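Novice:
In this note's numbering, the protein residues as written are 8 to 259.
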């Protein structure tokens with residue numbers, strides 16, 4: 008524990024940190040340490056037992072204070088590693104009037120983007136994929152799953168399905184799926200998106216660096232060629248605290 012943090016977490020400092028229960032004072036003290044930069048992005052908190060011993064409080068008090076800061080997004084727990092100061096979240100807006108790829112959208116904002124591939128493969132289509140993409144029983148589907156990251160901040164988990172007729176080898180996609188579809192002359196020209204609210208399950212929350220149960224945006228998109236043929240079916244999960252979708256409305 009650093010000298011600065013040790014001083015901040017001393018029992019004397021906690022008792023002087025305003026009114027309220029000890030866990031509220033501890034939460035307030037840790038929050039002030041994050042805001043002031045005493046605890047910076049990526050810094051690990053000492054183990055809860057060490058904080059409890061140093062501040063002369065119970066581990067239940069420490070756990071309750073840290074739970075609230077995790078729920079507020081200031082701290083993040085990593086299974087098997089400990090508790091860390093979360094990266095400050097900057098909101099990203101996407102207009103619903105334009106059909107662009109994640110890579111193109113981030114580039115226009117001057118943000119660097121990358122993907123961590125979770126899966127690429129060719130599969131027998133599911134009933135949903137057969138119906139939405141108009142596939143016969145003899146046609147395979149290419150599935151691509153990845154974590155979408157902008158400026159080192161994970162924003163979304165994207166699961167795309169494309170007919171093997173249009174994308175026979177998903178391994179050729181390196182960063183932008185739409186760039187590859189354009190190269191193959193099957194880039195979609197329009198899409199229908201459905202957006203709904205959801206709460207993060209454990210596996211998704213760990214990938215996106217948010218607490219389990221945090222707010223998310225579940226998005227289903229079907230993209231079409233000019234001929235009207237569906238070319239892409241994507242299910243995505245976006246961080247609710249980092250992404251806004253904006254629609255411009257006019258009088259019809």
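All C-beta atoms in this analysis are idealised placements derived from N, C-alpha and C, irrespective of residue type, glycine included.
All figures in this text were calculated on a predicted structure; none of them were measured in a lab.
Does residue 236 come out as helix, strand or coil in the three-state DSSP assignment?
Specialist: For this step, residue 236 is matched to residue 229 along the chain shown. Looking at residue 236 - three-state DSSP - the assignment turns out to be coil, as it is neither helix nor strand.
Novice: Kindly indicate which three-state DSSP category residue 219 falls into: helix, strand or coil?
Specialist: Residue numbering aside, residue 219 sits at position 212 when the chain shown is read from its first letter. Coil at residue 219, not helix or strand.
Novice: Shortest alpha-carbon distance to residue 181 belongs to which of 122, 76 and 169?
Specialist: Residue 181 sits at position 174 when you count from the first residue of the chain shown. Among 122, 76 and 169, the Cα nearest to that of residue 181 is on 122.
Novice: Give a yes or no on whether the C-beta atoms belonging to residue 214 and residue 245 are separated by under 7 angstroms.
Specialist: Looking up residue 214 in the chain shown gives position 207. Looking up residue 245 in the chain shown gives position 238. Contact: no.
Novice: Can you say whether residue 4 is buried or exposed, counting buried as having 16 or more other CB atoms within 10 angstroms of its CB?
Specialist: This structure does not reach residue 4, given that the chain is present from 8 up to 259, and the question cannot be answered.
Novice: Would you call the stretch 179-195 and the stretch 130-138 touching, i.e. three or more CB-CB distances under 8 angstroms?
Specialist: Too few Cβ pairs lie closer than 8 angstroms, so no.
Novice: Out of 140, 247, 150 and 248, point me to the one whose CA is closest to residue 195's CA.
Specialist: Counting from one through the chain shown, the residue named residue 195 turns up at place 188. Measuring from the Cα of residue 195, the nearest candidate turns out to be 140.
Novice: What residues in its chain sit with their C-beta under 8 angstroms from that of residue 146, if we drop five residues either side in the sequence?
Specialist: On the chain shown, residue 146 is found 139 positions in, with the first residue counted as 1. Contacts found: 132, 170, 171 and 172.
Novice: Enumerate in chain order the residues of its own chain whose CB-to-CB distance from residue 51 is below 6 angstroms, with the five nearest sequence positions on each side excluded.
Specialist: For the purposes of this step, residue 51 is identified with residue 44 of the chain shown, where counting begins at 1. For residue 51, where only same-chain residues beyond five positions count, the Cβ hits under 6 angstroms are 89 and 91.
Novice: Rounded to a whole number of angstroms, what is the C-alpha to C-alpha distance between residue 211 and residue 54?
Specialist: What you label residue 211 is simply residue 204 of the chain shown in a count that begins at 1. What you label residue 54 is simply residue 47 of the chain shown in a count that begins at 1. Looking at the two C-alpha atoms, the distance is approximately 25 angstroms.
Novice: So what does residue 123 bridge to, in DSSP terms?
Specialist: Sequence index remark: in the chain shown, residue 123 carries index 116 (1-based). 154, per the DSSP bridge assignment.
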